[in-house]
DNA sequence: TATCTAAGTCAGCAATTGTTTACACGTTTG
DNA sequence: CAAACGTGTAAACAATTGCTGACTTAGATA
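Protein chains in written order, with the UniProt record's numbering: chain A, 1 to 223; chain B, 1 to 223.
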């Protein structure tokens with residue numbers, strides 16, 4: 001069980017060679033954040049080592065503790081960073097249902113690789129470090145994401161008759177989570193090799209079924 | 001190849017001293033297996049420590065290496081054990097679709113706790129130790145499980161026209177995986193606190209949509 | 001140019017973890 | 001009963017991990 005170098009499995013070269021300055025704290029900080037997010041999302045918290053992250057970027061391990069105080073702090077920074085991207089304030093307004101669904105299906109089926117932002121962030125939100133504060137962030141993001149989907153489906157906190165949509169939105173989100181998980185964790189086929197055509201089609205059906213208002217003739221049925 | 005007793009009761013508390021003999025290797029072996037499966041499924045591979053497992057059972061750590069050679073061996077034993085239960089040979093024949101769906105929804109919505117066999121095994125199949133052999137087992141189990149669902153939906157390896165059902169079955173399985181993951185990992189509501197009524201209802205809709213043959217008017221589709 | 005601050009490196013510590021070896025206890029059997 | 005074997009324990013080893021303090025170097029400034 002002697003692993004040679006775990007770093008080579010993830011990255012071949014240091015991150016974006018954005019040659020600005022030779023010593024740019026801001027840049028290496030973001031490089032560390034990027035590498036950490038990838039490793040945390042893909043390998044989980046405890047399997048990820050700070051030495052591995054530092055090696056990905058090509059800097060010394062001590063920088064992680066300098067910039068993020070601890071491994072836990074780096075993980076939390078990853079969560080808040082991903083949170084800020086996944087639930088953008090400028091999209092606070094309710095999107096249309098078809099918009100939301102097509103966005104999810106498209107970004108979900110884009111590529112089995114883990115470098116798609118949405119897929120990476122979804123995976124990241126499933127990882128737990130055991131820390132209470134980090135877990136709170138994860139819960140908030142997941143809940144907010146589901147509520148946004150529910151809102152697009154017609155849910156309103158005031159209207160009690162639409163309350164069931166929150167649960168249905170969370171199930172819809174769970175479907176996306178499950179698909180991403182199965183595709184990234186186990187590379188089973190045909191799920192992992194499915195293109196946007198097949199996967200997006202079936203996913204669209206499911207999302208429409210769950211989120212479309214329970215009125216007659218709902219959604220597209222595509223056999 | 002030691003078959004575990006099918007009538008084994010899952011205990012909620014860490015280790016109930018089933019009074020048989022003071023020193024029963026077979027029994028402590030199974031206790032270790034049980035405790036390991038819980039910890040691996042809930043915490044993942046690398047977060048789980050052999051000392052913790054041994055402490056759950058109340059024995060010395062060295063016994064793990066004695067009975068399972070290594071932590072990796074214990075994990076593999078958990079996988080094969082769960083595999084033997086989740087894909088039982090006596091259910092090799094194709095079940096009816098409604099049977100499969102109701103079974104999944106019922107066992108999935110039973111309890112948010114992680115001690116339900118199906119939920120525990122699904123979580124276990126998502127955990128990776130990095131070992132190739134263990135990953136192969138995981139893939140086989142997931143694939144077989146999805147193919148069983150697809151077969152219940154009418155898939156036949158010979159009939160090329162039913163090929164799409166495999167992908168749809170894997171998406172259905174992904175939904176179950178996602179629900180279990182979200183319920184166990186993040187305790188978000190209302191998903192985590194949803195009873196068999198609400199959760200089973202929506203899950204049944206999704207599974208029927210994905211697995212019902214695309215013929216006219218299939219099943220109940222109205223919430 | 002000389003200097004000062006920030007950016008980064010280096011070596012090592014303390015704790016944890018998987019694993020092994022030697023030993024003790026209890027059960028069976030001659 | 002006593003030897004023999006199986007079951008379990010205790011202590012320690014080697015490797016890894018997160019983290020720290022002292023040191024070095026690059027880049028800006030006076």
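Built from N, CA and C at the ideal position, the CB exists for glycine as well. What you are looking at is a predicted structure, and each value in this text was computed from that prediction instead of being measured.
For residue i, would you say it is in contact with chain A, using Cβ-to-Cβ distances shorter than 7 Å as the test?
| i | result |
| --- | --- |
| residue 217 of chain B | At residue 217 of chain B, the pLDDT of 42 sits below 50, so the modelled position is not reliable and the matter cannot be decided from this model. |
| residue 118 of chain B | no |
| residue 76 of chain B | no |
| residue 10 of chain B | Note that residue 10 of chain B has pLDDT 29, beneath the 50 cutoff, so the model's placement of it is unreliable and no number is given. |
| residue 171 of chain B | yes |
| residue 46 of chain B | yes |
| residue 211 of chain B | no |
| residue 190 of chain B | yes |
| residue 186 of chain B | yes |
| residue 175 of chain B | yes |
| residue 106 of chain B | no |
| residue 32 of chain B | no |
| residue 182 of chain B | yes |
| residue 16 of chain B | At residue 16 of chain B the pLDDT is 41, less than 50, meaning the model places this residue with poor confidence; the figure from the coordinates comes in the next sentence. So no, residue 16 of chain B is outside the interface. |
| residue 208 of chain B | no |
Check the Cβ-Cβ distances between residue i and every residue of chain B, and say whether any is below 7 Å.
| i | result |
| --- | --- |
| residue 28 of chain A | no |
| residue 4 of chain A | With a pLDDT of 35 at residue 4 of chain A, under the threshold of 50, the predicted position of this residue should be treated as unreliable, though the coordinate-derived value follows. Chain B, which has no Cβ nearer than 7 Å to the Cβ of residue 4 of chain A, makes this no. |
| residue 178 of chain A | yes |
| residue 109 of chain A | no |
| residue 220 of chain A | Residue confidence for residue 220 of chain A is low, a pLDDT of 40 falling below 50, so the modelled location carries little weight and cannot support an answer. |
| residue 7 of chain A | The predicted position of residue 7 of chain A is uncertain, since its pLDDT is 33 and thus under 50; a value taken from the coordinates is nonetheless stated next. It does not: the Cβ of residue 7 of chain A has no partner Cβ on chain B nearer than 7 Å. |
Query raised in the report: Is the number of C-beta pairs between the stretch 108 to 124 of chain B and the stretch 78 to 85 of chain B that are closer than 8 Å three or more?
Result: Output reads yes: the stretch 78 to 85 of chain B touches the stretch 108 to 124 of chain B.
Query raised in the report: Would you call the stretch 145 to 159 of chain A and the stretch 169 to 177 of chain A in contact, with 3 or more CB pairs under 8 Å?
Result: yes
Query raised in the report: Mind listing which residues of the stretch 121 to 152 of chain A have their C-beta closer than 7 Å to chain B's C-betas, in chain order?
Result: 126, 128, 138, 139, 142, 143
**Report entry** Against chain B: residues of the stretch 194 to 205 of chain A by CB proximity under 8 Å
**Finding:** 194, 198, 199, 202, 203, 205
Report task. Let me know the alpha helix (DSSP H) ranges lying completely inside the stretch 111 to 190 of chain A, each 4 residues or longer, listed in chain order. Result -> 117 to 126, 132 to 152, 164 to 184
Query - Residues within the stretch 152 to 169 of chain B neighbouring chain A, beta-carbon criterion of under 9 Å - result: 163, 164, 166, 167, 168
Query raised in the report: Do the stretch 171 to 187 of chain A and the stretch 174 to 184 of chain B make contact, defined as three or more Cβ pairs closer than 8 Å?
Result: Contact between the stretch 171 to 187 of chain A and the stretch 174 to 184 of chain B is present: 3 or more CB-CB pairs across the two stretches fall below 8 Å.
Query raised in the report: Any contact of the stretch 129 to 148 of chain A with the stretch 52 to 61 of chain A, i.e. 3+ C-beta pairs under 8 Å?
Result: no
Query - Three or more C-beta pairs below 8 Å linking the stretch 40 to 47 of chain A and the stretch 33 to 49 of chain B - result: yes
Query raised in the report: Are three or more beta carbon pairs between the stretch 63 to 72 of chain A and the stretch 22 to 34 of chain A nearer than 8 Å?
Result: Enough Cβ pairs lie closer than 8 Å, so yes.
Query raised in the report: Counting Cβ pairs closer than 8 Å, one from the stretch 195 to 203 of chain B and one from the stretch 99 to 109 of chain B, do we hit at least three?
Result: yes
Query - Entirely enclosed alpha helix (DSSP H) segments - the UniProt domain "HTH tetR-type" (26 to 86) of chain B, minimum 4 residues - result: 50 to 57, 62 to 68, 71 to 86
Query raised in the report: Within the chosen definition, does the stretch 181 to 190 of chain A reach the stretch 204 to 213 of chain A through at least 3 CB pairs nearer than 8 Å?
Result: no
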